[in-house]
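In what follows, a single structure is set out as C-alpha cells and then discussed.
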C-alpha cells in the first residue's frame with residue numbers, strides 16, 4: 041500500500057503532529073513514521089511557525105494545550121488562505137459530543153481519541169489522504 045501526497049513526485053505525505061505531550065508525539069511518530077514523513081512540534085505557536093517553511097498534507101492537532109489550544113490553532117489556520125485547505129484532525133482524550141461538534145464546526149475533519157489505537161490512527165489518516 042502506497043500513500044503519496046502528490047502523484048507526480050511520489051513522495052510520502054507530510055504530516056504535522058502537534059501535541060504538548062512528548063510521549064503522544066513519539067507514539068504517533070512510531071505509528072505513522074514508516075509510511076509517512078512525520079514532523080512533530082509541541083505547541084500551536086510552533087505549528088504556525090513550522091507551516092511558514094514547510095508544505096504539510098495533514099495536521100494532527102491536540103485539542104488541549106497550554107497557551108494556545110487546538111480550537112485557536114484551527115481558527116488561525118482557517119483564517120489564512122495558504123493553510124485553509126490543509127486537513128486537520130483533532131487528537132483528544134475527551135469523549136464529549138459537544139466538543140466534537142465544536143471541532144467539526146471549526147473545520148476539523150475527524151477526531152482521534154487518546155490513548156491511540158494504531159489501526160484507528162492509520163485508518164483515519166489513510167482515509168483523509170486518500171489511501172483507502
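Numbering (our numbering), first residue to last: 41 to 172.
Beta carbons: idealized from backbone N, C-alpha and C, even for Gly.
Computed from a predicted model, the values in this text were never measured in an experiment.
C-beta contact flag for residue i and residue j at 8 angstroms
{"i": "residue 157", "j": "residue 72", "result": "no"}
{"i": "residue 191", "j": "residue 107", "result": "Residue 191 lies beyond the residue range present for the chain, which begins at 41 and ends at 172; the question has no answer from this structure."}
{"i": "residue 103", "j": "residue 123", "result": "no"}
{"i": "residue 96", "j": "residue 56", "result": "yes"}
{"i": "residue 67", "j": "residue 52", "result": "no"}
{"i": "residue 105", "j": "residue 135", "result": "no"}
Chain-order list of residues whose beta-carbon lies under 7 angstroms from that of residue i (same chain, five-residue window excluded)
{"i": "residue 162", "result": "71"}
{"i": "residue 128", "result": "99, 101, 114, 117, 147, 148, 149"}
Anticipated Cβ contact below 8 angstroms, residue i with residue j, distance rounded
{"i": "residue 98", "j": "residue 168", "result": "6 angstroms"}
{"i": "residue 54", "j": "residue 94", "result": "7 angstroms"}
{"i": "residue 154", "j": "residue 133", "result": "4 angstroms"}
{"i": "residue 69", "j": "residue 78", "result": "5 angstroms"}
Beta bridge counterpart(s) of residue i as assigned by DSSP
{"i": "residue 79", "result": "56"}
{"i": "residue 113", "result": "Its beta-bridge partners do not exist; DSSP assigns none."}
{"i": "residue 99", "result": "56, 128"}
Residues near residue i by beta carbon distance below 6 angstroms, same chain, minus five either side
{"i": "residue 130", "result": "101, 103, 110, 143, 148, 151"}
{"i": "residue 42", "result": "Residue confidence is low: residue 42 scores 37 on pLDDT, short of 50, so the model does not pin down where it sits. No coordinate-derived value is stated."}
{"i": "residue 81", "result": "58, 87, 90"}
{"i": "residue 62", "result": "none"}
Distance cut-off 7 angstroms: residue i Cβ against heavy atoms of the ligand GTP
{"i": "residue 99", "result": "This structure lacks the ligand GTP, and indeed carries no ligand of any kind."}
Same chain, Cβ closer than 8 angstroms to residue i, neighbours up to 5 away in sequence not counted
{"i": "residue 139", "result": "103, 132"}
{"i": "residue 112", "result": "84"}
Can you check the segment 114 to 167 for any alpha helix (DSSP H) of at least 4 residues that lies completely inside it and give the ranges in chain order?
137 to 146
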